[in-house]
Amino acid sequence: MKLKSTAVLSALACVAALSAATAQAQSQGISKTEITLGSIQDLSGPLAGFGKQIRNGMTLRVNELNEQGGINGRKVKLIVEDSGYDPKKAVLAAQKLVNQDKIFAMVGHLGTAQNLAAMPVQFEKNVLNFFPVTAAREMYEPFHKLKYSFAATYYDQMKAAVPKLVKEKNAKKVCSMYQDDEFGLEVQRGADDGLKAIGMTMVEKTSFKRGATDFSSQIAKLKASECDLVVLGTIIRETIGGIGTARKLGYNPVFLGSSAAYTDLIHKLGGKAMDGLYATMTV
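Residues 0 to 282 (numbering that gives the first Met the number 0) are what the sequence shown spells out, left to right.
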């Protein structure tokens with residue numbers, strides 16, 4: 000979580016520098032006295048614990064910048080909206096930030112599907128998408144002058160980590176459980192290609208809808224397949240729910256998640272049941 004937060008805080012400084020460089024062009028969100036930035040976080044949904052941490056970190060950094068005199072004499076204004084981890088709400092939030100608040104840049108927007116839904120709204124008004132908190136390849140591909148991403152992708156993370164952990168743990172059967180959206184599918188594609196590189200394939204795959212809280216059927220399916228390594232295309236709450244369900248059913252494979260599957264909240268909320276979880280990182 001610290002690395003993710005540091006990246007987002009660094010983004011504020013970078014965006015501020017960009018704004019100073021483009022002020023001469025009368026960019027939206029930049030006046031003689033103020034630079035207006037926007038961010039969309041999950042403040043009420045399954046990632047609210049993490050989203051609030053990001054909001055608080057950015058707010059602290061903005062306050063520090065302003066106490067130091069701002070950027071070239073301009074104070075930084077940060078407006079944070081709530082998506083509830085819902086792409087439809089993310090679009091509404093983006094429309095408000097871009098068209099009503101007139102932001103210069105979107106900073107640290109949380110979520111893959113949410114960013115994909117919001118970016119067209121931003122790009123129509125030439126608004127930057129800077130350091131989104133997602134490692135999906137779509138955050139920089141196809142290349143676009145308004146896309147700025149900092150993370151090793153979910154695809155690359157899993158393509159590298161899966162074969163490494165298979166070898167380290169001498170895993171014979173690999174399965175997956177993933178969120179049925181753009182995020183989960185990126186994790187799945189990386190895992191599939193990682194296995195292909197070592198001559199293996201997934202024994203079983205199971206998915207769940209965004210926002211799900213019951214994983215008993217998915218875990219029962221994986222247990223029946225006797226997989227000894229399970230790849231998780233999950234975020235925080237779903238990581239805890241999936242592993243917790245497995246422990247209750249007496250199913251104890253090796254679990255591997257992407258960078259989205261782990262923050263310090265995992266052990267704070269999930270407790271000892273989370274011991275043994277492996278996760279990749281964005282750098």
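Quick reminder that beta carbons are idealized off the backbone N, C-alpha and C, glycines included.
N-terminal and C-terminal residue of the alpha helix (DSSP H) that residue i is part of
i: Lys222; result: 215-223
i: Ala112; result: 111-123
i: Ala245; result: 235-247
i: Tyr154; result: 153-168
i: Ala93; result: 86-94
i: Ile265; result: 264-269
i: Met283; result: In this structure the chain extends from 0 to 282, so residue 283 is not present and cannot be described.
Closest by C-alpha distance to residue i, when choosing among the options
i: Gly50; options: Asn251, Met105, Val132, Ser26; result: Val132
i: Ser285; options: Thr233, Leu115, Val229, Phe122; result: As shown, the chain starts at 0 and ends at 282. That puts residue 285 outside it, with no answer to give.
i: Gly283; options: Glu203, Val165, Lys172, Lys208; result: Outside the modelled stretch of the chain, which goes from 0 to 282, sits residue 283, for which no answer is possible.
i: Ala260; options: Thr281, Gly72, Arg246, Asn71; result: Thr281
i: Asn125; options: Ser26, Ala47, Val61; result: Ser26
i: Arg136; options: Pro45, Asp155, Thr205, Ile70; result: Asp155
i: Phe254; options: Glu237, Glu33, Leu268, Leu264; result: Glu237
i: Ser215; options: Arg60, Gly240, Thr32, Leu231; result: Gly240
i: Gly189; options: Lys172, Ala160, Glu203, Asp213; result: Ala160
i: Leu64; options: Glu33, Val229, Thr111; result: Glu33
i: Val186; options: Val229, Gly269, Asn62; result: Val229
i: His266; options: Ser148, Ser43, Gly48, Leu145; result: Gly48
i: Arg54; options: Thr244, Tyr147, Ile78; result: Ile78
The beta strand (DSSP E) enclosing residue i, as first and last residue numbers
i: Gly256; result: 253-256
i: Thr35; result: 33-40
i: Phe182; result: From DSSP, Phe182 is part of no beta strand (DSSP E) but of the alpha helix (DSSP H) over 181-195.
i: Val229; result: 228-232
i: Leu127; result: 127-129
i: Ala278; result: 276-278
i: Ile102; result: Run containing Ile102: none; DSSP gives neither H nor E here.
i: Thr337; result: Past the boundaries of the shown model lies residue 337; the chain is included only from 0 to 282, so the question cannot be answered.
i: Met138; result: Where Met138 is concerned, there is no enclosing beta strand (DSSP E), given that its DSSP letter is neither H nor E.
i: Lys76; result: 74-81
i: Tyr177; result: 173-178
Alpha-carbon spacing of residue i relative to residue j, whole angstroms
i: Ala170; j: Asp227; result: 6 Å
i: Gln113; j: Pro86; result: 4 Å
i: Tyr153; j: Thr279; result: 9 Å
i: Gln178; j: Gln99; result: 33 Å
i: Ala151; j: Glu181; result: 16 Å
i: Thr262; j: Ala223; result: 29 Å
i: Glu225; j: Gly249; result: 12 Å
i: Lys76; j: Asp191; result: 43 Å
i: Gly68; j: Lys74; result: 7 Å
i: Gly275; j: Phe122; result: 42 Å
i: Gln94; j: Asn251; result: 45 Å
i: Leu231; j: Gly56; result: 27 Å
i: Ala173; j: Lys166; result: Residue identity check: residue 173 is Val in the sequence provided, not Ala. If you take the alpha carbons of Val173 and Lys166, they lie about 12 Å apart.
i: Ala20; j: Asn71; result: Because Ala20 sits at a pLDDT of 49, beneath the cut-off of 50, its placement in the model cannot be relied upon, and the following sentence gives the value as read from the coordinates. If I take the Cα positions, the gap works out to 10 Å.
i: Leu127; j: Arg246; result: 43 Å
i: Val286; j: Gly269; result: Because the chain spans 0 through 282 in this model, residue 286 falls outside it and cannot be assessed.
i: Asn62; j: Lys31; result: 19 Å
i: Lys144; j: Thr244; result: 44 Å
i: Asp213; j: Gln52; result: 26 Å
Supposed contact pair residue j and residue i - C-beta distance, whole angstroms, cut 8 Å
i: Ile29; j: Phe103; result: 5 Å
i: Met199; j: Ser175; result: That pair is no contact at about 12 Å.
i: Ala196; j: Pro162; result: 6 Å
i: Ile242; j: Ala211; result: Not confirmed; about 14 Å, so no contact.
i: Lys158; j: Gly193; result: 4 Å
i: Leu164; j: Tyr277; result: 6 Å
i: Leu96; j: Ile235; result: About 25 Å separates the two Cβ atoms, so there is no contact after all.
i: Lys101; j: Thr35; result: 6 Å
CB contact check: residue i to chain C, cutoff 8 Å
i: Gly183; result: As a matter of chain content, chain C is missing from the structure shown, which is built from one protein chain.
Original post:
Is there contact between the segment 37-48 and the segment 80-88, where contact requires at least three CB pairs shorter than 8 Å?
Top reply: yes
Are at least three pairs of beta-carbons, each pair with one atom in the segment 210-221 and one in the segment 136-150, less than 8 Å apart? Because the criterion of three Cβ pairs below 8 Å is not met, the segment 210-221 and the segment 136-150 do not touch.
Determine contact between the segment 117-128 and the segment 90-106, defined as no fewer than three beta-carbon pairs at a distance below 8 Å.
yes
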